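Undergrad:
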DNA sequence: AATTATTTGCAACTCAGTTGAAAAAGTTTA
DNA sequence: TAAACTTTTTCAACTGAGTTGCAAATAATT
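Chains as they are written, first to last, in my numbering: chain P, 1 to 144; chain S, 145 to 288.
Next comes the structure, spelled out in structure tokens:
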């Protein structure tokens, strides 16, 4: 999945310095077609260098606020994060009820889904579609 | 919203004793057309009698496992719960990004939404549609 | 009434995420 | 380039949601 987005550029555009840590967080998010828990990102980076968890949380918050990362609602305690840059438009997600992993599904046209939904006078900004079930791995379809 | 479901009956069917506490939890969930945090349920019940939070969490877990309650994924730390009995089929939800409240929206036909989605070989069991935005109250449309 | 099973409460814990302030690193100015 | 300033990262301590193990209380069964 090695990403086509220029993270350095994306950070500079948003007036955030392209520090090694911010770049590592973005590279990690872009390295697999799935959403990551803060904890997983932390561990992935710690495999190569020491990092403090507060730094990762603050970076994820900043990037989310600036629209470079999306924070997904999730079943269970920990939030999930994914890239939100130009090559990653919004799309549905699949969460396995057994292992908890969150995969990204292909984008679907949202127009007629929006048309079905009556937001009851609330201002609707964002639509998230979540599928839950049993993933391939947990069904034993895949090896390993 | 006072509910049409017979909670006492629903509990007995599931081999759970219809204790005052379980009934209070269900009545609370059924008292408004929205999803509740465990904390909110706890506070609502405590307005009338003492309860321990562990009891409420356990009751919510049991009811969720037995299909009388649905646990919703949510933005933020705390999970939300809603009734899942016969008069409350699955439906989309709206969460306000400002106050965090989760409202229930009208059910939508899911068949052609399912048709759009490729679950990539995973077994899909459940579909949750979440709308996020700014609720009427937080827009200042409603009084109070 | 005595025994047993279920439910609730209590205390102590875990884990995700936050806060405030200090240390470190990078940038700007003189 | 040294001093002053800004931004980023770290550290320690905390909050709040949810869990665990076990004891107390309650209800059902013999």
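Where a beta carbon is used, it is the ideal one built from N, C-alpha and C, also for glycine.
As the structure is a prediction and not an experimental result, all values here were calculated from the model.
Could you pull out every residue in the same chain whose Cβ sits closer than 7 angstroms to the Cβ of residue 199(S), ignoring the five residues on either side in sequence?
TA: Once the five neighbours on either side are set aside, the close Cβ partners of residue 199(S) are 165.
Undergrad: Give the residues of chain P in contact with residue 269(S), contact being defined as C-beta atoms less than 9 angstroms apart.
TA: 97, 131, 132, 133, 134
Undergrad: Looking at the secondary structure, which residues open and close the alpha helix (DSSP H) in which residue 40(P) lies?
TA: 38 to 46
Undergrad: Closest by CA to residue 66(P), which one among 49(P), 13(P), 80(P)?
TA: 13(P)
Undergrad: Under the three-state reduction of DSSP, which class applies to residue 2(P): helix, strand or coil?
TA: With a pLDDT of only 48 at residue 2(P), under 50, the local geometry of the prediction cannot be trusted, and the value read off the model is given with reservation. Note: residue 2(P) maps to coil in three-state DSSP.
Undergrad: So residue 249(S) contacts chain P; which residues on that side make the cut at Cβ distance below 8 angstroms?
TA: 117, 118, 119, 120
Undergrad: Between the alpha carbons of residue 107(P) and residue 185(S), how many angstroms are there, rounded?
TA: Roughly 37 angstroms between the two C-alpha positions.
Undergrad: Pull up the CB-CB distance for residue 275(S) and residue 119(P), whole angstroms please, since I reckon it's below 8 angstroms.
TA: 6 angstroms
Undergrad: By Cβ distance below 8 angstroms, which residues in the same chain neighbour residue 78(P) in space, the five residues on each side in sequence not counted?
TA: 37, 38, 39
Undergrad: Which class does residue 193(S) belong to by DSSP, given the choice of helix, strand or coil?
TA: Coil, per DSSP.
Undergrad: Quick check: is any heavy atom of the ligand GDP less than 7 angstroms from the C-beta of residue 80(P)?
TA: Ligands in the displayed structure: none, and consequently the ligand GDP is not present.
Undergrad: Taking the continuous beta strand (DSSP E) assigned at residue 69(P), which residues delimit it?
TA: 69 to 72
Undergrad: May I ask you to report which of helix, strand or coil DSSP gives residue 160(P)?
TA: Nothing about residue 160(P) can be read from this structure; chain P reaches only from 1 to 144.
Undergrad: In this structure, does DSSP put residue 277(S) in helix, strand or coil?
TA: Judged by DSSP in its simplified three-state form, residue 277(S) adopts strand.
Undergrad: Taking the straight line between their C-alpha atoms, what separation do you get for residue 80(P) and residue 179(S)?
TA: 21 angstroms
Undergrad: Can you tell me which of 125(P), 74(P), 76(P), 26(P) puts its alpha carbon nearest to the alpha carbon of residue 88(P)?
TA: 26(P)
Undergrad: When we look at the beta-carbon of residue 146(S) and count the other beta-carbons within 10 Å, is it buried (16 or more) or exposed?
TA: Its pLDDT being 48, under 50, residue 146(S) is placed unreliably in this model, and the coordinates cannot settle the point.
Undergrad: Against chain S, does residue 54(P) count as a neighbour if the rule is that its beta carbon must be under 8 angstroms from one of theirs?
TA: no
Undergrad: My output table needs one value for residue 90(S): the three-state DSSP class, helix, strand or coil.
TA: Outside the modelled stretch of chain S, which goes from 145 to 288, sits residue 90(S), for which no answer is possible.
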